[in-house]
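In this note's numbering, the protein residues as written are 5 to 349.
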């Protein structure tokens, strides 16, 4: 199974392209598209609620293994630039820069745009990404794009097999009640292998549960490996007790306050002690106040772009995480909202 996020500005043609990559399914602030042919299964997630909110962008990227960054002939706009910053802060490993509406411009202009983007993304997570040109009217190049997606997807599958033996962890993005079944959730197995009858815990509320049944693309299975998108029927918990962002796991840290080793993006604006920021980890988010900024052992009042700090953050919402999780910080009052990444100290 290959899961891709399709992102970019509103005028990039990304939603039109998403419609050609699969059949439209669930619609919230992200829209799901599913494609299945023989053994090839593709789930496309369009961050339709972005740029009004950054949360759909974070959601789409965290539910996916590959990102398609769509850029029209006009080049970068503030939204596409913000997407690049988010991808870099997340150190997003696999992706394709899709030059959309290629038939609306001249071939040399497409080549020029590609060279410009390659220069702009040097030193970022996107530096070694592939580039593809696509028509979003005749859709010339679509089959080549799908081939490349599945080629990268095979590499992702190999990487995920290394995660199968870890402690199981499922990121939940939907929860609802089904008559006669009870609580059903949809999500992605981040790591480990889950099995029917496994007893686990829903975090951050720490409610115990049992996996009653597992489905992958509407097919009942007895187990699911790392990377699988799954539907789970759960026993011992109600749908109202579990929501998007919850993590089904065996052991998580739950906290409202955080001490993070952070690096501020060179393209962000500075921020100060007592500023209110927004913290994201996985599909969870919380407003946090900057309580203290420490630079190389010294307490300072301001965090500046391109530098590293230890931040003490105070929030009011419980967030669950594990040691290796990457936290993303944003300032929702700024035009470019993503400002830093960090790890628990």
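Ideal Cβ positions, reconstructed from N, Cα and C, are used throughout, including at glycine.
Next on the checklist: Using 8 Å as the threshold, is the C-beta distance between residue 251 and residue 286 below it?
Outcome noted: Against a cut-off of 8 Å, the Cβ pair of residue 286 and residue 251 comes out as a contact.
Item to check | Nearest neighbour of residue 316, chosen from 333, 153, 328 [CA to CA] | outcome: Residue 333 is the option with its Cα nearest to residue 316.
Checklist entry - Taking the continuous alpha helix (DSSP H) assigned at residue 360, which residues delimit it? => result In the structure as shown, the chain starts at 5 and stops at 349, and residue 360 therefore has no counterpart that could be examined.
Checklist entry - Using DSSP with H/G/I as helix, E/B as strand and the rest coil, what is residue 86? => result The answer is helix: DSSP assigns residue 86 an H, G or I state.
Checklist entry - For residue 6 versus residue 154, is the C-beta distance shorter than 8 Å? => result Contact: yes.
Next on the checklist: Could you tell me the alpha carbon to alpha carbon distance between residue 95 and residue 129, rounded to whole angstroms?
Outcome noted: Near 5 Å, if we compare the C-alpha coordinates of residue 129 and residue 95.
Checklist entry - DSSP state of residue 291, grouped into three classes? => result Strand at residue 291.
Checklist entry - When DSSP builds the beta bridges, which residues end up paired with residue 135? => result In the DSSP secondary-structure assignment, residue 135 is bridged to 101.
Checklist entry - Run through DSSP, which three-state label would residue 185 get? => result Three-state DSSP puts residue 185 in coil, outside helix and strand.
Item to check | Same chain, Cβ closer than 7 Å to residue 28, five either side skipped, listed in chain order | outcome: So the qualifying residues of the chain are 35, 37.
Checklist entry - Do the CB positions of residue 74 and residue 52 come within less than 8 Å of each other? => result Going by beta carbons, residue 74 and residue 52 fall outside the 8 Å limit.
Checklist entry - Counting pairs of Cβ atoms below 8 Å between the segment 242 to 258 and the segment 64 to 71, do you hit three or more? => result Too few Cβ pairs lie closer than 8 Å, so no.
Item to check | Where the alpha helix (DSSP H) containing residue 165 begins and where it ends | outcome: Its alpha helix (DSSP H) spans residues 146 to 165.
Checklist entry - For residue 24, which of helix, strand or coil comes out of DSSP? => result Helix.
Item to check | Proximity of residue 195 and residue 167 at Cβ, strictly below 8 Å | outcome: The answer is yes: Cβ separation under 8 Å.
Item to check | Contact belief for residue 349 with residue 283 at Cβ below 8 Å, rounded distance in angstroms | outcome: Taking C-beta atoms under 8 Å as the contact rule, residue 349 and residue 283 fail to qualify, at a distance of about 14 Å.
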